[in-house]
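Our numbering applies: residue 2 is where the sequence shown begins, and numbers increase by one. Note that CB positions come from ideal geometry on N, CA and C, so glycine has one too. The structure presented is a predicted model; accordingly, all values stated were derived computationally and were not measured. These notes concern the structure reproduced below.
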Amino acid sequence: NKGKRDKKPFMVYSCHDVTILSLLYGLGTDFVASDDEIQELGLGLSNEKSWRFWPEYASTLLIELVRVSAQDIEDEYVVKVMLNGETIRTITALKQGNEFMNLSDFNVVTTELNEAAPQEL
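This is the structure we're talking about:
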């Protein structure tokens with residue numbers, strides 16, 4: 002199938018720490034969420050240190066597409082976000098009681114980020 006050969010299953014990019022931080026904010030990870038978002042979840046999470054977070058030197062941010070087989074999950078795929086080998090939770094997934102973000106929710110987030118990004122300068 003020609004379509005399957007055209008897909009690129011693995012991409013590597015190199016960037017600065019501030020770019021990783023921006024991606025974490027854009028994805029809505031729980032440890033960079035606002036206090037209001039944390040309280041809204043009602044999970045008793047404390048976000049006292051979020052404003053002090055900065056990615057470590059040589060950090061790795063991994064965004065992985067995972068196929069799931071559970072029947073109670075709306076999407077066939079979920080998106081798993083990892084920073085330096087640790088699974089990162091997103092506010093979107095936590096609001097739905099999920100460990101990972103549904104692919105459809107990830108698509109909404111990335112579409113919103115693309116629309117908010119400045120067009121070619």
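> By a C-beta neighbour count over all protein chains shown, 10 Å radius and 16 as the cutoff for buried, is proline 119 buried or exposed?
Replying inline: The residue labelled residue 119 in the question sits at position 118 within the sequence shown. With fewer than 16 other Cβ atoms within 10 Å, it is exposed.
>> Measuring straight from C-alpha to C-alpha, what distance separates glutamate 113 and leucine 28?
In response: Looking up residue 113 in the sequence shown gives position 112. Looking up residue 28 in the sequence shown gives position 27. Whole-angstrom Cα-Cα distance: 10 Å.
>> Quick check on aspartate 37: buried or exposed, where buried means 16 or more other Cβ atoms within 10 Å of its Cβ?
In response: The count along the sequence shown starts at 1 and reaches residue 37 at position 36. The residue is exposed, with fewer than 16 neighbouring Cβ atoms inside 10 Å.
> Mind checking asparagine 115: buried by the 16 CB within 10 Å criterion, or exposed?
Replying inline: Counting from one through the sequence shown, the residue named residue 115 turns up at place 114. Exposed is the call here.
>> On the DSSP letters alone, give me the boundaries of the beta strand (DSSP E) that threonine 91 sits inside.
In response: Residue mapping note: residue 91 aligns to position 90 of the sequence shown, counting from 1. Element bounds for threonine 91: n/a, residue is neither H nor E.
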